[in-house]
Each structure stands twice: as C-alpha cells, then as structure tokens.
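Input: a single structure, listed below in structure tokens.
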Amino acid sequence: HELRTPLTSLRTNIEVLARGVGLASDERERLLADVVSQLEELTLLVADVVELARGTEQNTEPEDLRLDEIVERAVQRARTHAPGVAFRTDLEPTLVRGVPSRLDRALGNLLDNAAKWSPPGGEVEVGVFAGQVVIRDHGPGIDAADLPFVFERFYRAPSARGMPGSGLGLAIVRQVAESHGGRVTVERAESGGTLFRLQLPEALRSA
Numbered sequence: 003h004e005l006r007t008p009l010t011s012l013r014t015n016i017e018v019l020a021r022g023v024g025l026a027s028d029e030r031e032r033l034l035a036d037v038v039s040q041l042e043e044l045t046l047l048v049a050d051v052v053e054l055a056r057g058t059e060q061n062t063e064p065e066d067l068r069l070d071e072i073v074e075r076a077v078q079r080a081r082t083h084a085p086g087v088a089f090r091t092d093l094e095p096t097l098v099r100g101v102p103s104r105l106d107r108a109l110g111n112l113l114d115n116a117a118k119w120s121p122p123g124g125e126v127e128v129g130v131f132a133g134q135v136v137i138r139d140h141g142p143g144i145d146a147a148d149l150p151f152v153f154e155r156f157y158r159a160p161s162a163r164g165m166p167g168s169g170l171g172l173a174i175v176r177q178v179a180e181s182h183g184g185r186v187t188v189e190r191a192e193s194g195g196t197l198f199r200l201q202l203p204e205a206l207r208s209a
C-alpha cells in the first residue's frame, strides 16, 4: 500500500501529461512539479526499504569507534539540512563497538526527525553520555496514544500524515539499535517536545 499510493498518483499525472490536449501551461507546470515531488517520495521510500533489508543481512564486521565523533559529524550534516534549527551539543568521549555506516544512518534519522518537528528557530539538544545518545526537540511532542507505535514500520501518527517521510526512519533506528545489542526509546519531554534515547551496551560496559 505504501508503494502503491505514490505510484498510482505518479501514473495518473504522467498519463495526463502524455495526453497533453487542452493543458494550460500553468497546469502543466503544476503537474510536472507533482511528478518531481512524487519521484522524490518514491526514491526515499525505496531507499528506506532497502536499508531495512540490508540491516537484516548485515555482514559488516563491527569496529571500535568514538560514538561522540559520529554524533558530531551527524549533527554537522543536520545543520546543513535544517539551517533554521539550532543544534546544541554536549558530547562526552565515548568508545563503542559498532558499524559506523549503520550508526551514522540511525543518528541521521533521529536528527532529521527532531528538526522536522522543531518550530522555526527552534532548538534541538544532543548529548552523548553514560553510554547513550539523547536527542531532544522542542516541538509539539508525540501524543501518548502514538508513543507505543512510533518505531513500527510505516506507522505515521495522524499529525504526521501531511508531512514528508516514508514512515520507516524510526523503524530503521530501532533495527540499528537492536543489531548493536542496544535499544532506542522515546518519551514526551517534561517541558514539551520529544526525547529519544539511543542506548548502546558496549558504551555502558566501557564506562
């Protein structure tokens, strides 16, 4: 269903463009813009599906790495993608054993999610300490009824259905956490917003 809906919309728009009879130039431009948007949505969705499949067949050997350095690089990219959001960091040197590319993807997904829900000029706080990564935004927060389901594949809360995204980003985060012997949790922050914790056992044992 998640693939069928954008494919159906894309096919409909292409068929209208192919006929082309009686189409005003502004209508043609609108349809072309829709096609580009739908292609981008499908590209994101397919990439996330491939990432989930790749995670179940991961053969890359883990290595010792600095979790704080991976987080710092992910934050730098997030600042580029979301220039209207202020990312504040407090990163303690932390050694873990893991697959850099997979941890990098999980952290990118968490930061992108926090930025997406932040108000203009909002702040996202990112910390590494005690064997965990903590990411907190100051957005509207997640409804209590939705909290148990946010890591499910293709789950989108009612408030998120009009926003961009595949519905797989947080499922990928959970898969990465579990493949590293860790876990990810989410909660409503006391003074508003959402707080994610990515916990990695290797970091706890090295503390």
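The sequence shown begins at 3 in our numbering and counts up by one.
C-beta: ideal position from N, C-alpha, C; glycine also.
Leu-200 sits buried, since 16 or more C-beta atoms from the chains shown fall within 10 Å of its C-beta. Per DSSP, the beta-bridge partners of Arg-68 are Leu-97.
Here Glu-42 carries a helix assignment [DSSP, helix/strand/coil]. If you check the CB distance, Phe-153 and Val-178 do not come in under 9 Å. Counting along the chain, the unbroken alpha helix (DSSP H) around Glu-180 starts and ends at 171-181. Bounds of the alpha helix (DSSP H) holding Gly-110 are 102-119. When secondary structure is reduced to three states using DSSP, Ile-137 falls in the strand class.
Where Arg-185 is concerned, the enclosing beta strand (DSSP E) starts and stops at 185-190.
Non-local C-beta neighbours of Arg-155 in its own chain, meaning closer than 8 Å and more than five positions away in sequence, comprise Leu-54, Gly-169, Leu-170 and Ala-173, ordered along the chain.
The closest CA to that of Pro-95, considering only Phe-131, Ser-193, Ala-159 and Gly-22, is found on Phe-131. Looking only at Asp-28, Tyr-157, Val-136 and Val-175, the smallest Cα-Cα distance to Ala-191 is reached by Val-136. Going by DSSP, Gly-143 is part of no beta strand (DSSP E) at all; its letter is neither H nor E. The Cβ atoms of Leu-149 and Val-98 do not sit closer than 9 Å to each other.
DSSP places Ala-76 in the helix class (H, G or I) of the three-state scheme. When the Cα atoms are used, Val-23 and Leu-33 turn out to be separated by approximately 14 Å. For Pro-142, same chain residues with a beta-carbon under 6 Å away, outside a window of 5 residues either side, do not exist. Judged by DSSP secondary structure, Gly-129 falls within the beta strand (DSSP E) whose first and last residues are 125-131. Here Arg-81 carries a helix assignment [DSSP, helix/strand/coil]. Nearest to Pro-122 by alpha-carbon distance, out of Val-87, Glu-71, Glu-17 and Arg-75, is Val-87. Across the structure, Pro-85 and Asp-114 are spaced so that their CA atoms are roughly 12 Å apart.
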